[in-house]
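Read in order, the letters of the sequence shown are residues 6 to 209 in this note's numbering. Beta carbons: idealized from backbone N, C-alpha and C, even for Gly.
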Amino acid sequence: MELITRTGDDYFRLLENLLPRGPAWSDSDPLLAGIAPTLADVEARAHDLVRETDPRQTVELIERWEACCGLPDSCSIPGTETLAQRQQRLDAKINVAGGITESFYLSVLDSLGYPSATITKYEGMGFVCTSPCTASLYSDEWNFVWQVNFTEETKISDMTCLSQCTESLRTWGDTTAECVINKLCPSHTIVLFSYPPEATRASY
Numbered sequence: 006m007e008l009i010t011r012t013g014d015d016y017f018r019l020l021e022n023l024l025p026r027g028p029a030w031s032d033s034d035p036l037l038a039g040i041a042p043t044l045a046d047v048e049a050r051a052h053d054l055v056r057e058t059d060p061r062q063t064v065e066l067i068e069r070w071e072a073c074c075g076l077p078d079s080c081s082i083p084g085t086e087t088l089a090q091r092q093q094r095l096d097a098k099i100n101v102a103g104g105i106t107e108s109f110y111l112s113v114l115d116s117l118g119y120p121s122a123t124i125t126k127y128e129g130m131g132f133v134c135t136s137p138c139t140a141s142l143y144s145d146e147w148n149f150v151w152q153v154n155f156t157e158e159t160k161i162s163d164m165t166c167l168s169q170c171t172e173s174l175r176t177w178g179d180t181t182a183e184c185v186i187n188k189l190c191p192s193h194t195i196v197l198f199s200y201p202p203e204a205t206r207a208s209y
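In structure tokens, the structure reads:
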């Protein structure tokens, strides 16, 4: 919903139109000029409060929203989440309807900031005696495996001259998104996470 914001000049003209007609009234009434900016400020503040009712836009009340939703939780990394990421977590917690379908998990990924993510299912891909010799050697256990494919670039950290010698040359991925999906997935399934090749490629 788009909110219309009026300026002090707008309110001044509105107040002028409420005055009785006649030569006794000035075209630049100082009383109206003093009241108009205050009314504009009140309206702007009211719009701020309307936005606070939407967890995707909340700023001032975000801590109250999080407290009501049990956030931060075990998927949160204290001190590392940006405001936008916290809003995404709230959106996923409140506005995404529950389910165990592919569309449900895609909606969760969308709310977490990955609208182009896809899901690969391995059900029915097990290798049998009639399978082509070029088919992958999927065992029956792969019927319970599915994969989330991130198409957008995720968080990437490269080793620098200030890094410890035991650190990885490159790390990538979104641990928060992985944690949320793992929490929501059926307990008998295993979720794999795939990232774009350019994210996982490291220089040696």
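Asked: What would DSSP say about Gln152, mapped onto helix, strand or coil?; Found: strand
Asked: Which of helix, strand or coil does DSSP assign to Val47?; Found: helix
Asked: Note down, in chain order, each residue of its chain lying with its Cβ closer than 6 Å to the Cβ of Thr123, except the 5 sequence neighbours on either side.; Found: Asn154
Asked: For Tyr209, which residues of its own chain have a beta-carbon under 6 Å away from its beta-carbon, when the five flanking residues on both sides are left out?; Found: Here the model assigns Tyr209 a pLDDT of 36, short of 50, so the residue's position is not dependable and the matter cannot be decided.
Asked: If you count every other CB in all the chains shown that lies within 10 Å of the CB of Ile186, and 16 or more means buried, which is it?; Found: buried
Asked: Could you say which of Thr106, Thr156, Asp15, Thr10 lies nearest to Pro120 if we only look at CA atoms?; Found: Thr156
Asked: Using the rule of at least 16 other Cβ atoms within 10 Å of the residue's Cβ for burial, across every protein chain shown, is Thr43 buried or exposed?; Found: exposed
Asked: Just the C-alpha distance for Arg69 and Ser144, rounded to the nearest angstrom, thanks.; Found: 47 Å
Asked: Does Thr205 pass the burial test, meaning 16 or more other C-beta atoms within 10 Å, or should it be called exposed?; Found: In this prediction, Thr205 scores a pLDDT of 49, lower than 50, which makes its location untrustworthy; the coordinate-derived value is nonetheless stated afterwards. Classification of Thr205: exposed, given that the 10 Å Cβ count is below 16.
Asked: Quick one: give me the first and last residue of the beta strand (DSSP E) that Leu197 is part of.; Found: 195–199
Asked: Please state if the CB of Glu128 and the CB of Asn148 are separated by a distance shorter than 7 Å.; Found: yes
Asked: Based on DSSP bridge pairs, tell me the residues matched to Thr125.; Found: Gln152
Asked: Within its chain, find whatever has a CB closer than 6 Å to the CB of Arg56; leave out the 5 residues flanking it on each side and keep chain order.; Found: Gln62
Asked: If we ignore side chains and look at the alpha-carbon of each, how far apart do Glu65 and Arg50 end up?; Found: 12 Å
Asked: Going by the beta-carbon positions, is the gap between Gln152 and Ser192 smaller than 7 Å?; Found: no
Asked: Are the CB atoms of Glu48 and Arg11 within a distance shorter than 7 Å?; Found: yes
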